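Structure first, then comments.
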Amino acid sequence: MPNVDTMTARQIAAGVADGAFSAVEITRSALDAIAARESEVQAFLQVTPELALEAAARVDAAHASGEKLPPLAGVPFAVKDNMNLKGTRTTCASRMLETYESPYTATCVSRMLAAGCIPVGKANMDEFAFGSSTDSSAFHPTNNPWDVARVPGGSSGGSAAAVAAGMVPLALGSDTGGSIRQPASFCGVVGLKPTYGTVSRYGVVAFGSSLDQVGPFGRTVEDVALAMDALIVGGHDQYDSTSQDVAPQFAAAARAGIEGKRVGIIPAFMDAEGLTPEVRNAIKRATAALEAAGATLVEVELPHLDAAIAAYYVIGPAEAFSNLARFDGIRYGYQEPNCATLAAQSALSRAHGFGAEAKRRQMLGAYLLSSGVYDKYYYAAQKARTLITEDYARAFEQADVLLMPAAPQTAFRHGEISDPTQMYLSDMYTISINIAGNGGVTVPVGLGEDSGLPVGAQLVAPAFADERLVTFGAALERACAEAWGACRTDDAATAAGAPVAPAFAGKGGELA
Numbered sequence: 108m109p110n111v112d113t114m115t116a117r118q119i120a121a122g123v124a125d126g127a128f129s130a131v132e133i134t135r136s137a138l139d140a141i142a143a144r145e146s147e148v149q150a151f152l153q154v155t156p157e158l159a160l161e162a163a164a165r166v167d168a169a170h171a172s173g174e175k176l177p178p179l180a181g182v183p184f185a186v187k188d189n190m191n192l193k194g195t196r197t198t199c200a201s202r203m204l205e206t207y208e209s210p211y212t213a214t215c216v217s218r219m220l221a222a223g224c225i226p227v228g229k230a231n232m233d234e235f236a237f238g239s240s241t242d243s244s245a246f247h248p249t250n251n252p253w254d255v256a257r258v259p260g261g262s263s264g265g266s267a268a269a270v271a272a273g274m275v276p277l278a279l280g281s282d283t284g285g286s287i288r289q290p291a292s293f294c295g296v297v298g299l300k301p302t303y304g305t306v307s308r309y310g311v312v313a314f315g316s317s318l319d320q321v322g323p324f325g326r327t328v329e330d331v332a333l334a335m336d337a338l339i340v341g342g343h344d345q346y347d348s349t350s351q352d353v354a355p356q357f358a359a360a361a362r363a364g365i366e367g368k369r370v371g372i373i374p375a376f377m378d379a380e381g382l383t384p385e386v387r388n389a390i391k392r393a394t395a396a397l398e399a400a401g402a403t404l405v406e407v408e409l410p411h412l413d414a415a416i417a418a419y420y421v422i423g424p425a426e427a428f429s430n431l432a433r434f435d436g437i438r439y440g441y442q443e444p445n446c447a448t449l450a451a452q453s454a455l456s457r458a459h460g461f462g463a464e465a466k467r468r469q470m471l472g473a474y475l476l477s478s479g480v481y482d483k484y485y486y487a488a489q490k491a492r493t494l495i496t497e498d499y500a501r502a503f504e505q506a507d508v509l510l511m512p513a514a515p516q517t518a519f520r521h522g523e524i525s526d527p528t529q530m531y532l533s534d535m536y537t538i539s540i541n542i543a544g545n546g547g548v549t550v551p552v553g554l555g556e557d558s559g560l561p562v563g564a565q566l567v568a569p570a571f572a573d574e575r576l577v578t579f580g581a582a583l584e585r586a587c588a589e590a591w592g593a594c595r596t597d598d599a600a601t602a603a604g605a606p607v608a609p610a611f612a613g614k615g616g617e618l619a
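Mind the numbering: the sequence shown is residues 108 to 619 in our numbering, read in order.
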């Protein structure tokens with residue numbers, strides 16, 4: 108019998124709509140796959156079989172009564188654990204929120220539910236989204252399905268790993284400085300970070316309020332496009348003043364061609380220190396593939412890129428310090444027992460509730476916002492942000508999209524990078540897009556010849572032109588399909604895009 112990891116989200120939704128199988132059957136298969144694979148991957152902090160089967164039963168009841176099913180009816184999905192879902196805990200992978208029960212459901216999650224998706228669990232992450240490895244989770248690290256001795260990336264590593272291991276075809280992540288696109292590259296899946304304001308952030312625990320954006324993971328560009336249409340179909344969210352009305356046109360964009368379109372290449376990115384030869388070669392192959400598909404290559408410059416990481420690690424920690432001040436040990440979250448004063452309770456609750464990276468970011472943010480320092484660093488970072496945004500605007504006068512690496516290397520081993528500064532540099536290719544607010548997508552383009560691990564290429568589009576990401580991403584996916592031939596099996600192959608990690612293909616999740 109077929110396994111749940113052989114089907115894309117589109118195929119599952121079509122099969123449920125046609126009555127080829129029920130939503131309950133698909134959901135049980137996904138839960139079986141999680142049960143069989145989770146001990147090795149550790150992608151989840153909470154699995155939710157009751158919620159999942161209840162949602163699946165509603166889909167089947169609607170089908171039995173002759174109702175028209177929503178576009179993703181019966182498709183299992185995972186939710187990053189910084190997004191509220193009523194009936195689950197939302198811990199942000201932190202002891203501070205270990206017992207916090209979601210009082211409501213985030214808009215992005217509720218829109219996926221309205222599209223018919225089935226919530227099977229809350230995915231692991233770096234604590235409060237501070238990290239690039241998922242090793243900073245307070246509960247356990249997540250392993251990369253392509254090599255469980257390696258990290259899946261971060262901070263949305265659990266979401267990426269769940270898709271790569273074939274446990275779910277879709278997952279939601281959040282991206283503050285690359286937290287969707289970098290783990291997508293490490294895990295060999297598609298990950299799309301839309302333009303800031305495209306998807307509502309209501310109900311998502313904030314890290315950097317001017318940087319955060321929700322987006323989907325999937326095994327194919329088409330599946331990610333379907334998820335994007337579901338996330339924006341409701342338009343502006345009255346509960347999020349930054350959200351915008353965006354037309355749900357992503358699925359249609361996946362079928363468009365790129366003949367005559369312009370792809371911008373940034374020479375400084377390809378020559379950057381730290382970029383490994385296998386990643387550079389993969390991006391060169393992706394460039395050639397897009398050119399062969401009819402695109403024209405142009406060189407563009409982003410003169411202020413050198414300031415991006417410095418600006419990010421001023422703005423991000425400053426906003427994190429402000430956002431996490433609410434966790435004071437008094438109103439909600441972890442409360443230190445047996446304290447004689449409110450000051451002691453707050454200090455000890457924060458000391459024992461937060462992990463090392465969360466403390467590091469908040470201390471840095473407190474310093475950067477302090478008197479005498481604010482003007483020197485924070486104001487300068489905001490000026491750099493303006494210059495970087497203007498650089499991208501000028502680049503898009505010459506090109507329709509930009510092509511660059513998503514990460515300077517393939518997935519590294521657990522514990523291999525212990526220096527925080529070196530860890531921060533792993534986001535060197537993704538941070539500037541959050542600074543400017545543009546959208547970006549990572550598409551897997553093959554395996555590195557040295558590591559044998561997935562490599563992702565990143566496409567970047569102008570603000571609110573994210574449908575171009577889907578058009579060019581789908582073209583790149585088709586062009587690179589042959590690169591995955593050596594690691595496909597009959598059980599692992601999907602209609603397009605990368606396969607499930609071979610060690611987990613067909614392991615649990617068979618349809619009855």
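Yeah, the Cβ is synthetic: ideal placement off N, Cα and C, and Gly gets one too. Just so it is clear, the structure is predicted and the values come from calculations on it, not from any experiment.
TODO: Could you name the residues that DSSP lists as bridge partners for Met190?
DONE: Val311
- [ ] Please classify Ser429: does DSSP put it in a helix, a strand, or coil?
- [x] helix
Task: Per DSSP, cross-strand counterpart(s) of Gly322 - done: Gly280
Task: Opening and closing residue of the alpha helix (DSSP H) in which Gly295 lies - done: Unbroken run through Gly295: none, as it is neither H nor E.
Open item on the list: Between which residues of its own chain and Pro424 is the CB-CB distance below 8 angstroms, once the five residues before and five after are set aside?
Closed with: Arg468, Gln469, Leu471, Gly472, Leu475
Task: Backbone CA spacing between Thr403 and Ser286 [nearest angstrom] - done: 30 angstroms
Task: Pro323 beta carbon less than 8 angstroms from that of Val331 - done: yes
Open item on the list: Can you look up Asn251 in the DSSP assignment and give me helix, strand or coil?
Closed with: strand
- [ ] If I'm right that Arg369 touches Gln505 with Cβ under 8 angstroms, what's the distance once you round it to whole angstroms?
- [x] 7 angstroms
- [ ] Could you check if Ala399 is buried or exposed, using at least 16 other CB atoms within 10 Å of its CB as the buried criterion?
- [x] exposed
Task: 7 angstroms CB neighbourhood of Asp242 in its chain, flanking five on each side removed - done: Pro248, Val258, His521
Task: Complete beta strand (DSSP E) runs within the region 505 to 552 (minimum length 3 residues, chain order) - done: 508 to 512
Open item on the list: I'd like to know if the region 552 to 564 and the region 300 to 315 are in contact, where contact means that at least 3 CB-CB pairs between them fall below 8 angstroms.
Closed with: no
TODO: Inspect the CB distances between the region 382 to 399 and the region 408 to 421 and report whether three or more fall short of 8 angstroms.
DONE: no
Open item on the list: What does the Cβ neighbour count give for Tyr211, buried or exposed, with the cut at 16 atoms within 10 Å?
Closed with: exposed
- [ ] Note down the Cα distance separating Val548 from Ala513, rounded to an integer number of angstroms.
- [x] 9 angstroms
- [ ] Identify the continuous alpha helix (DSSP H) that holds Thr197 and give its terminal residues.
- [x] Taken as a continuous stretch (DSSP letters only), Thr197 belongs to no alpha helix (DSSP H), as it is neither H nor E.
Open item on the list: By the DSSP assignment, the alpha helix (DSSP H) with Ala582 in it spans what residues?
Closed with: 574 to 586
Open item on the list: Under DSSP, the alpha helix (DSSP H) around Phe229 begins and ends at which residues?
Closed with: According to the sequence shown, residue 229 is Lys rather than Phe. Run containing Lys229: none in the alpha helix (DSSP H); it sits in the beta strand (DSSP E), 225 to 230.
Task: Rounded C-alpha distance that separates Ala608 from Leu138 - done: 18 angstroms
- [ ] Put Phe235 into one of helix, strand or coil per three-state DSSP.
- [x] helix
- [ ] Enumerate, from N- to C-terminal direction, the unbroken beta strand (DSSP E) stretches of 3 or more residues contained entirely within the region 337 to 389.
- [x] 369 to 372
Task: Glu584 Cβ short of 7 angstroms to the ligand PLP heavy atom set - done: Inclusion of the ligand PLP in the displayed structure is not the case, the ligand content being empty and no account of it being possible.
TODO: Over the uninterrupted alpha helix (DSSP H) stretch that includes Gln149, give me the two end residues.
DONE: Counting along the chain, Gln149 falls outside any alpha helix (DSSP H), and DSSP gives it neither H nor E.
- [ ] Using DSSP bridges, identify the partner residues of Glu406.
- [x] Ile372
- [ ] Determine the burial state of Thr537: buried for a count of at least 16 other Cβ atoms within 10 Å of its Cβ, exposed for fewer.
- [x] buried
- [ ] Give the straight-line distance between the Cα atoms of Ser281 and Gln442, rounded to the nearest whole angstrom.
- [x] 27 angstroms
Task: Identity of the residues DSSP links to Arg257 by a beta bridge - done: Arg520
- [ ] Identify the continuous beta strand (DSSP E) that holds Val111 and give its terminal residues.
- [x] Val111 -> no beta strand (DSSP E), and no H or E assigned at all.
Open item on the list: Let's test the definition: count the other Cβ atoms within 10 Å of the Cβ of Ala60 and tell me whether it reaches 16, buried, or not, exposed.
Closed with: The structure shown does not extend to residue 60, since the chain is modelled only from 108 to 619, so the question has no answer here.
TODO: Report the rounded CA-to-CA distance for Phe151 versus Ala269, giving the unit in angstroms.
DONE: 8 angstroms
- [ ] Compare the C-alpha of Ala450 against each of Gly440, Gly436, Gly462 and name the closest.
- [x] Gly436
TODO: Report yes if the CB atom of Gly381 is closer than 8 angstroms to the CB atom of Pro276, and no otherwise.
DONE: no
Task: Where Gly616 falls: helix, strand or coil (DSSP) - done: coil
Task: Glu208, DSSP secondary structure in three states - done: strand
Task: Ala400 (DSSP reduced to helix, strand or coil) - done: coil
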